[in-house]
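Residue numbers (my numbering): 5 to 428. Positions of the beta carbon are idealized from the N, C-alpha and C atoms, including for glycine. Given the structure is predicted, the values throughout are model-derived calculations rather than measurements.
Written out as C-alpha coordinates, the structure reads:
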(Lines of atoms letter the chains of each structure in order from A and count residues from 1; the text may use other names and numbers.)
(Lines give C-alpha, C1' and ligand atoms only; values in the text may rest on other atoms or scores of the structure.)
Protein backbone atom coordinates (compact mmCIF):
# COMPACT_ATOMS: atom_id res chain seq x y z
CA UNK A 1 0.00 0.00 0.00
CA UNK A 2 1.08 3.63 -0.46
CA UNK A 3 0.54 6.88 -2.34
CA UNK A 4 1.99 8.75 -5.26
CA UNK A 5 2.18 12.59 -5.17
CA UNK A 6 2.66 14.74 -8.25
CA UNK A 7 2.96 18.62 -8.45
CA UNK A 8 1.79 20.56 -11.46
CA UNK A 9 4.72 22.99 -11.02
CA UNK A 10 8.01 22.50 -9.25
CA UNK A 11 8.86 26.25 -9.14
CA UNK A 12 6.27 28.78 -8.04
CA UNK A 13 6.71 32.57 -7.86
CA UNK A 14 4.70 34.81 -5.57
CA UNK A 15 4.84 38.39 -4.19
CA UNK A 16 4.18 39.16 -0.54
CA UNK A 17 0.51 40.00 -0.16
CA UNK A 18 -0.45 38.03 -3.28
CA UNK A 19 -1.64 34.42 -3.73
CA UNK A 20 -0.04 31.68 -5.85
CA UNK A 21 -1.47 28.20 -6.42
CA UNK A 22 -0.20 24.80 -7.39
CA UNK A 23 -2.14 21.61 -8.23
CA UNK A 24 -1.12 18.46 -6.39
CA UNK A 25 -2.32 15.00 -7.58
CA UNK A 26 -2.51 12.11 -5.13
CA UNK A 27 -2.90 8.46 -6.34
CA UNK A 28 -3.79 5.55 -4.05
CA UNK A 29 -1.33 2.79 -4.93
CA UNK A 30 -2.63 0.54 -2.17
CA UNK A 31 -5.21 -2.30 -2.25
CA UNK A 32 -7.72 -0.83 0.18
CA UNK A 33 -9.73 2.33 0.37
CA UNK A 34 -7.57 4.95 2.09
CA UNK A 35 -7.80 8.57 3.24
CA UNK A 36 -4.85 10.86 2.55
CA UNK A 37 -4.17 14.11 4.47
CA UNK A 38 -2.21 16.74 2.53
CA UNK A 39 0.49 18.55 4.59
CA UNK A 40 2.90 21.33 3.56
CA UNK A 41 6.46 21.04 4.84
CA UNK A 42 9.18 23.72 5.03
CA UNK A 43 9.55 27.42 5.94
CA UNK A 44 6.49 28.38 3.93
CA UNK A 45 4.16 26.05 5.83
CA UNK A 46 2.84 28.84 8.09
CA UNK A 47 1.18 30.67 5.21
CA UNK A 48 0.39 27.71 2.90
CA UNK A 49 -2.77 25.53 2.83
CA UNK A 50 -4.30 22.77 0.69
CA UNK A 51 -7.90 22.64 -0.50
CA UNK A 52 -9.32 20.15 0.18
CA UNK A 53 -7.02 19.11 3.02
CA UNK A 54 -7.96 15.37 2.72
CA UNK A 55 -8.67 12.99 -0.13
CA UNK A 56 -10.49 9.61 0.10
CA UNK A 57 -9.40 7.25 -2.70
CA UNK A 58 -10.25 3.74 -3.86
CA UNK A 59 -7.36 1.52 -4.77
CA UNK A 60 -5.78 2.75 -7.99
CA UNK A 61 -7.81 6.01 -7.97
CA UNK A 62 -6.38 9.53 -7.95
CA UNK A 63 -7.66 13.03 -7.24
CA UNK A 64 -6.27 16.59 -7.37
CA UNK A 65 -6.10 19.24 -4.61
CA UNK A 66 -4.96 22.85 -4.80
CA UNK A 67 -2.17 24.27 -2.67
CA UNK A 68 -2.44 28.03 -1.90
CA UNK A 69 0.68 30.10 -1.11
CA UNK A 70 -0.15 33.38 0.72
CA UNK A 71 3.05 35.09 1.98
CA UNK A 72 2.08 38.17 4.06
CA UNK A 73 3.05 41.67 2.97
CA UNK A 74 5.30 42.33 5.93
CA UNK A 75 8.89 43.28 6.57
CA UNK A 76 9.50 39.86 8.16
CA UNK A 77 8.61 37.90 5.01
CA UNK A 78 11.83 36.48 3.58
CA UNK A 79 12.75 36.94 -0.05
CA UNK A 80 14.28 34.47 -2.49
CA UNK A 81 13.87 30.69 -2.93
CA UNK A 82 12.15 28.72 -0.19
CA UNK A 83 12.11 24.88 -0.62
CA UNK A 84 8.86 23.22 0.39
CA UNK A 85 7.33 19.75 0.33
CA UNK A 86 3.79 18.45 -0.18
CA UNK A 87 3.12 15.28 1.76
CA UNK A 88 0.18 12.87 1.33
CA UNK A 89 -0.11 11.05 4.68
CA UNK A 90 -2.00 7.71 4.55
CA UNK A 91 -4.38 6.87 7.38
CA UNK A 92 -4.33 3.12 6.68
CA UNK A 93 -0.62 2.79 6.00
CA UNK A 94 1.36 5.69 7.54
CA UNK A 95 4.59 4.17 6.33
CA UNK A 96 3.32 4.42 2.80
CA UNK A 97 2.99 8.23 2.88
CA UNK A 98 4.64 10.13 0.00
CA UNK A 99 6.26 13.60 -0.36
CA UNK A 100 6.85 15.73 -3.43
CA UNK A 101 9.25 18.72 -3.25
CA UNK A 102 9.19 22.10 -4.96
CA UNK A 103 10.63 25.65 -4.70
CA UNK A 104 8.69 28.79 -3.80
CA UNK A 105 10.30 32.01 -5.05
CA UNK A 106 9.16 34.97 -2.85
CA UNK A 107 9.59 38.35 -4.50
CA UNK A 108 10.81 41.59 -2.88
CA UNK A 109 8.75 44.73 -2.48
CA UNK A 110 9.47 48.28 -1.34
CA UNK A 111 7.25 50.17 1.05
CA UNK A 112 8.87 53.30 2.44
CA UNK A 113 7.40 55.86 4.81
CA UNK A 114 9.14 59.19 5.65
CA UNK A 115 8.35 61.98 8.11
CA UNK A 116 9.89 65.44 8.65
CA UNK A 117 9.96 66.69 12.25
CA UNK A 118 9.10 69.48 12.73
CA UNK A 119 7.26 70.44 9.59
CA UNK A 120 7.70 74.15 10.41
CA UNK A 121 10.67 75.58 12.27
CA UNK A 122 11.58 79.14 13.19
CA UNK A 123 14.71 81.18 13.74
CA UNK A 124 16.69 84.16 12.46
CA UNK A 125 19.86 82.21 11.61
CA UNK A 126 18.27 78.90 10.62
CA UNK A 127 16.89 75.74 12.19
CA UNK A 128 17.33 71.97 12.18
CA UNK A 129 14.79 69.38 11.02
CA UNK A 130 14.98 65.63 11.59
CA UNK A 131 14.02 63.19 8.85
CA UNK A 132 12.81 59.70 9.81
CA UNK A 133 12.65 57.01 7.08
CA UNK A 134 10.82 53.73 7.88
CA UNK A 135 11.50 50.68 5.71
CA UNK A 136 8.27 48.68 5.77
CA UNK A 137 9.31 46.47 2.87
CA UNK A 138 11.04 43.08 3.01
CA UNK A 139 14.32 44.15 1.36
CA UNK A 140 17.11 46.57 2.30
CA UNK A 141 16.50 50.20 1.34
CA UNK A 142 19.27 52.36 -0.13
CA UNK A 143 18.01 55.93 -0.35
CA UNK A 144 19.46 59.38 -1.00
CA UNK A 145 18.17 62.51 0.74
CA UNK A 146 18.10 65.93 -0.93
CA UNK A 147 16.44 69.25 -0.09
CA UNK A 148 15.72 72.46 -2.00
CA UNK A 149 13.42 75.45 -2.32
CA UNK A 150 11.92 76.94 -5.44
CA UNK A 151 13.06 80.53 -4.87
CA UNK A 152 16.67 79.63 -3.92
CA UNK A 153 16.38 81.62 -0.68
CA UNK A 154 17.62 78.83 1.57
CA UNK A 155 20.72 76.74 1.97
CA UNK A 156 20.67 73.11 3.12
CA UNK A 157 23.07 70.80 4.91
CA UNK A 158 21.94 67.14 4.96
CA UNK A 159 23.76 64.75 7.28
CA UNK A 160 24.04 61.98 6.17
CA UNK A 161 23.05 62.46 2.53
CA UNK A 162 22.43 58.71 2.08
CA UNK A 163 20.58 56.14 4.21
CA UNK A 164 20.82 52.34 4.32
CA UNK A 165 17.78 50.94 6.15
CA UNK A 166 17.17 47.25 6.81
CA UNK A 167 13.64 45.79 6.61
CA UNK A 168 11.50 46.65 9.60
CA UNK A 169 13.86 49.39 10.86
CA UNK A 170 14.14 53.18 10.52
CA UNK A 171 16.94 55.53 9.49
CA UNK A 172 17.42 59.15 10.50
CA UNK A 173 19.03 62.24 8.97
CA UNK A 174 19.39 65.84 10.12
CA UNK A 175 18.63 68.70 7.74
CA UNK A 176 20.02 72.11 8.67
CA UNK A 177 18.14 74.93 6.93
CA UNK A 178 19.82 78.37 6.67
CA UNK A 179 18.49 81.55 5.06
CA UNK A 180 20.85 83.02 2.48
CA UNK A 181 19.97 86.60 3.51
CA UNK A 182 18.94 87.98 6.89
CA UNK A 183 16.95 91.03 7.91
CA UNK A 184 17.29 93.03 11.14
CA UNK A 185 13.72 94.10 11.86
CA UNK A 186 10.22 93.29 10.66
CA UNK A 187 7.62 90.55 10.65
CA UNK A 188 8.66 86.87 10.27
CA UNK A 189 8.74 85.49 6.71
CA UNK A 190 7.75 81.96 5.68
CA UNK A 191 10.29 80.10 3.50
CA UNK A 192 8.87 76.86 2.01
CA UNK A 193 11.07 73.96 0.89
CA UNK A 194 10.86 70.26 -0.04
CA UNK A 195 12.80 67.18 1.08
CA UNK A 196 13.11 64.24 -1.36
CA UNK A 197 13.83 60.63 -0.34
CA UNK A 198 14.81 58.63 -3.44
CA UNK A 199 15.09 54.83 -3.32
CA UNK A 200 16.73 52.55 -5.88
CA UNK A 201 13.51 52.36 -7.85
CA UNK A 202 10.21 54.10 -8.06
CA UNK A 203 9.30 57.75 -7.61
CA UNK A 204 10.82 59.75 -4.73
CA UNK A 205 8.97 60.56 -1.54
CA UNK A 206 8.47 64.34 -1.31
CA UNK A 207 7.97 66.04 2.05
CA UNK A 208 6.92 69.66 2.52
CA UNK A 209 8.65 71.82 5.13
CA UNK A 210 8.96 75.50 5.95
CA UNK A 211 11.22 77.87 7.89
CA UNK A 212 9.62 80.83 9.62
CA UNK A 213 12.52 83.27 9.30
CA UNK A 214 12.56 85.85 12.08
CA UNK A 215 14.34 89.20 12.28
CA UNK A 216 17.80 89.27 13.85
CA UNK A 217 16.59 91.79 16.45
CA UNK A 218 13.65 90.31 18.36
CA UNK A 219 10.51 92.38 18.69
CA UNK A 220 10.81 92.58 22.47
CA UNK A 221 14.33 94.09 22.40
CA UNK A 222 13.46 97.78 21.86
CA UNK A 223 10.64 97.80 24.49
CA UNK A 224 13.02 96.08 26.90
CA UNK A 225 15.75 98.68 26.26
CA UNK A 226 13.26 101.51 26.79
CA UNK A 227 12.05 99.92 30.01
CA UNK A 228 15.66 99.54 31.19
CA UNK A 229 16.39 103.20 30.39
CA UNK A 230 13.32 104.31 32.33
CA UNK A 231 14.42 102.16 35.26
CA UNK A 232 17.93 103.68 35.22
CA UNK A 233 16.48 107.22 35.18
CA UNK A 234 14.19 106.33 38.08
CA UNK A 235 17.12 104.91 40.07
CA UNK A 236 19.19 108.04 39.41
CA UNK A 237 16.34 110.27 40.61
CA UNK A 238 15.89 108.16 43.75
CA UNK A 239 19.65 108.31 44.43
CA UNK A 240 19.91 112.07 44.00
CA UNK A 241 16.72 112.97 45.86
CA UNK A 242 16.51 110.37 48.62
CA UNK A 243 19.50 108.12 49.15
CA UNK A 244 22.45 110.49 48.73
CA UNK A 245 21.11 113.16 51.17
CA UNK A 246 20.24 110.42 53.67
CA UNK A 247 23.74 108.92 53.46
CA UNK A 248 25.39 112.33 53.89
CA UNK A 249 23.17 113.11 56.86
CA UNK A 250 23.95 109.74 58.47
CA UNK A 251 27.69 110.21 57.92
CA UNK A 252 27.63 113.70 59.44
CA UNK A 253 25.66 112.43 62.44
CA UNK A 254 28.13 109.56 62.92
CA UNK A 255 31.08 111.99 62.95
CA UNK A 256 29.32 114.21 65.45
CA UNK A 257 28.51 111.21 67.68
CA UNK A 258 32.20 110.22 67.57
CA UNK A 259 33.28 113.64 68.74
CA UNK A 260 34.80 114.73 65.42
CA UNK A 261 33.92 118.19 64.23
CA UNK A 262 35.06 118.64 60.62
CA UNK A 263 36.44 122.06 59.82
CA UNK A 264 34.93 124.06 56.95
CA UNK A 265 36.56 122.78 53.79
CA UNK A 266 37.77 124.39 50.61
CA UNK A 267 40.02 121.52 49.58
CA UNK A 268 40.77 118.07 50.95
CA UNK A 269 43.90 116.09 51.59
CA UNK A 270 44.40 112.66 50.11
CA UNK A 271 42.19 110.24 52.02
CA UNK A 272 41.32 112.39 55.05
CA UNK A 273 39.07 115.27 55.98
CA UNK A 274 40.25 118.54 54.51
CA UNK A 275 39.59 121.69 56.50
CA UNK A 276 40.49 125.35 56.53
CA UNK A 277 39.82 128.26 58.81
CA UNK A 278 38.41 131.35 57.20
CA UNK A 279 41.04 133.73 55.91
CA UNK A 280 41.10 136.78 58.19
CA UNK A 281 40.92 140.14 56.53
CA UNK A 282 44.18 142.08 56.69
CA UNK A 283 43.53 145.52 58.14
CA UNK A 284 46.01 148.28 57.41
CA UNK A 285 46.43 150.52 60.47
CA UNK A 286 45.60 154.16 59.78
CA UNK A 287 48.37 156.61 59.16
CA UNK A 288 48.55 159.17 62.02
CA UNK A 289 49.91 162.61 61.16
CA UNK A 290 52.32 164.14 63.70
CA UNK A 291 51.22 167.43 65.23
CA UNK A 292 52.78 170.57 63.77
CA UNK A 293 55.86 171.80 65.62
CA UNK A 294 55.51 175.40 66.70
CA UNK A 295 58.21 177.75 65.35
CA UNK A 296 60.41 180.11 67.42
CA UNK A 297 58.75 182.99 69.17
CA UNK A 298 59.04 186.09 66.91
CA UNK A 299 60.61 189.34 68.20
CA UNK A 300 58.49 192.42 68.48
CA UNK A 301 57.81 193.69 64.96
CA UNK A 302 58.63 190.29 63.24
CA UNK A 303 56.23 187.86 61.67
CA UNK A 304 56.25 184.27 62.90
CA UNK A 305 57.31 181.71 60.29
CA UNK A 306 55.34 178.45 60.63
CA UNK A 307 57.30 175.19 60.69
CA UNK A 308 55.83 172.45 58.36
CA UNK A 309 54.77 169.15 60.05
CA UNK A 310 56.93 166.01 59.53
CA UNK A 311 56.09 163.57 56.72
CA UNK A 312 53.73 160.80 58.04
CA UNK A 313 55.29 157.28 58.17
CA UNK A 314 52.82 154.34 57.67
CA UNK A 315 52.88 151.39 60.09
CA UNK A 316 54.52 148.34 58.38
CA UNK A 317 52.05 145.57 57.22
CA UNK A 318 52.83 141.90 58.10
CA UNK A 319 54.01 139.92 55.09
CA UNK A 320 51.26 137.88 53.37
CA UNK A 321 51.04 134.19 54.22
CA UNK A 322 52.10 131.83 51.42
CA UNK A 323 55.71 131.64 50.43
CA UNK A 324 58.36 130.74 52.97
CA UNK A 325 60.84 128.09 54.04
CA UNK A 326 59.21 124.62 54.15
CA UNK A 327 59.40 122.76 57.44
CA UNK A 328 57.88 119.52 58.74
CA UNK A 329 58.20 116.94 61.47
CA UNK A 330 56.53 114.06 63.28
CA UNK A 331 55.20 113.63 66.84
CA UNK A 332 54.55 110.29 68.57
CA UNK A 333 54.03 108.91 72.09
CA UNK A 334 55.80 105.54 71.75
CA UNK A 335 59.30 106.97 71.90
CA UNK A 336 60.12 106.71 68.20
CA UNK A 337 59.56 110.48 67.81
CA UNK A 338 59.22 113.31 70.32
CA UNK A 339 55.74 114.06 71.58
CA UNK A 340 56.31 117.86 71.63
CA UNK A 341 58.28 120.43 69.64
CA UNK A 342 58.98 124.19 69.61
CA UNK A 343 59.76 126.57 66.77
CA UNK A 344 62.43 129.26 66.74
CA UNK A 345 60.50 131.28 64.18
CA UNK A 346 56.89 131.83 63.36
CA UNK A 347 55.59 128.51 61.92
CA UNK A 348 52.64 128.37 59.54
CA UNK A 349 50.99 124.93 59.87
CA UNK A 350 49.27 123.79 56.63
CA UNK A 351 48.99 119.97 56.80
CA UNK A 352 48.37 117.30 59.41
CA UNK A 353 48.38 113.52 58.82
CA UNK A 354 47.31 111.33 61.76
CA UNK A 355 48.22 107.62 61.78
CA UNK A 356 46.76 104.81 63.96
CA UNK A 357 48.43 101.68 62.52
CA UNK A 358 47.62 99.45 65.47
CA UNK A 359 43.91 100.29 65.44
CA UNK A 360 43.96 101.55 69.01
CA UNK A 361 41.06 103.27 70.76
CA UNK A 362 40.96 106.22 73.08
CA UNK A 363 41.30 110.02 72.93
CA UNK A 364 43.96 111.92 70.96
CA UNK A 365 44.71 115.64 71.28
CA UNK A 366 47.00 118.01 69.44
CA UNK A 367 47.74 121.19 71.39
CA UNK A 368 49.26 124.54 70.57
CA UNK A 369 50.54 125.64 73.94
CA UNK A 370 47.55 125.36 76.31
CA UNK A 371 45.04 125.50 73.41
CA UNK A 372 43.53 122.26 72.05
CA UNK A 373 43.79 122.43 68.25
CA UNK A 374 42.21 119.00 67.43
CA UNK A 375 40.48 116.33 69.52
CA UNK A 376 39.88 112.90 67.95
CA UNK A 377 38.88 109.35 68.86
CA UNK A 378 41.39 106.70 67.72
CA UNK A 379 38.72 104.07 66.98
CA UNK A 380 37.31 106.32 64.24
CA UNK A 381 40.30 106.16 61.91
CA UNK A 382 43.44 104.41 60.81
CA UNK A 383 44.78 107.38 58.87
CA UNK A 384 43.33 110.87 58.65
CA UNK A 385 44.68 114.04 57.05
CA UNK A 386 43.81 117.73 57.19
CA UNK A 387 44.86 120.48 54.81
CA UNK A 388 44.44 124.16 55.68
CA UNK A 389 44.24 126.78 52.99
CA UNK A 390 44.75 129.44 55.67
CA UNK A 391 47.62 128.15 57.85
CA UNK A 392 47.50 127.86 61.63
CA UNK A 393 50.09 130.29 63.05
CA UNK A 394 52.34 129.00 65.83
CA UNK A 395 54.42 131.70 67.49
CA UNK A 396 58.01 131.14 68.63
CA UNK A 397 58.04 129.56 72.08
CA UNK A 398 54.66 127.83 71.71
CA UNK A 399 54.71 124.03 72.04
CA UNK A 400 53.04 121.77 69.48
CA UNK A 401 52.21 118.75 71.65
CA UNK A 402 50.58 115.32 70.92
CA UNK A 403 48.82 113.55 73.79
CA UNK A 404 47.27 110.08 73.41
CA UNK A 405 45.59 107.72 75.84
CA UNK A 406 45.36 104.22 74.30
CA UNK A 407 43.19 101.36 75.52
CA UNK A 408 43.35 97.69 74.59
CA UNK A 409 46.92 96.90 75.65
CA UNK A 410 50.06 96.70 73.56
CA UNK A 411 52.21 99.55 72.28
CA UNK A 412 50.45 102.90 71.91
CA UNK A 413 51.72 103.82 68.45
CA UNK A 414 49.55 106.66 67.06
CA UNK A 415 51.50 109.59 65.59
CA UNK A 416 50.99 112.79 63.59
CA UNK A 417 52.98 114.21 60.71
CA UNK A 418 52.91 118.01 60.33
CA UNK A 419 54.19 120.29 57.63
CA UNK A 420 54.18 124.00 56.79
CA UNK A 421 56.67 126.82 56.38
CA UNK A 422 58.45 129.45 58.46
CA UNK A 423 58.97 133.18 57.99
CA UNK A 424 61.25 135.51 59.85
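Assigned with DSSP and collapsed to three states, residue 420 falls in strand. When the alpha-carbon of residue 210 is set against those of 49, 149, 243, the nearest one is in 149.
Using a Cβ-Cβ distance cut-off of 8 angstroms, the segment 404–418 and the segment 356–371 are in contact, since at least three pairs of beta carbons, one from each stretch, lie closer than that value.
Going by DSSP, residue 260 is part of no beta strand (DSSP E) but of the alpha helix (DSSP H) stretching over 248–261. Uninterrupted beta strand (DSSP E) stretches at least 3 residues long and entirely within the segment 87–156 occur at 102–110, 116–121, 124–127, 131–139, 145–152, given in chain order. Out of 417, 218, 205, 198, the CA that lies nearest to the CA of residue 183 is found in 218. About 14 angstroms separates the Cβ atoms of residue 352 and residue 333, ruling out a contact at the 8 angstroms cut-off. Nearest in C-alpha terms to residue 16, of all of 256, 145, 105, is 105. Contact fails between the segment 374–384 and the segment 246–253, because fewer than three Cβ pairs, one in each stretch, are under 8 angstroms apart. Beta-bridge pairing by DSSP links residue 425 to 330, 352. Of the residues 174, 160, 121, 336, the one whose Cα lies closest to the Cα of residue 140 is 174. Looking only at 97, 90, 82, 356, the smallest Cα-Cα distance to residue 35 is reached by 97. Taking a contact to require three or more Cβ pairs closer than 8 angstroms, the segment 44–61 and the segment 71–78 qualify as touching. Apart from sequence neighbours up to five positions away, the residues of its chain that approach residue 92 with a beta-carbon distance below 7 angstroms are 7, 9, 30, 40, 42, 101, 102, ordered along the chain. According to the DSSP assignment, residue 232 belongs to no beta strand (DSSP E) but to the alpha helix (DSSP H) extending over 225–242. Per DSSP, residue 368 is one residue of the beta strand (DSSP E) stretching across 367–372. Rounded to the nearest whole angstrom, the CA to CA distance from residue 63 to residue 95 is 14 angstroms. One alpha carbon belongs to residue 161, the other to residue 199, and they sit about 12 angstroms apart. Nearest Cα to residue 208 within the set 197, 236, 116: 116.
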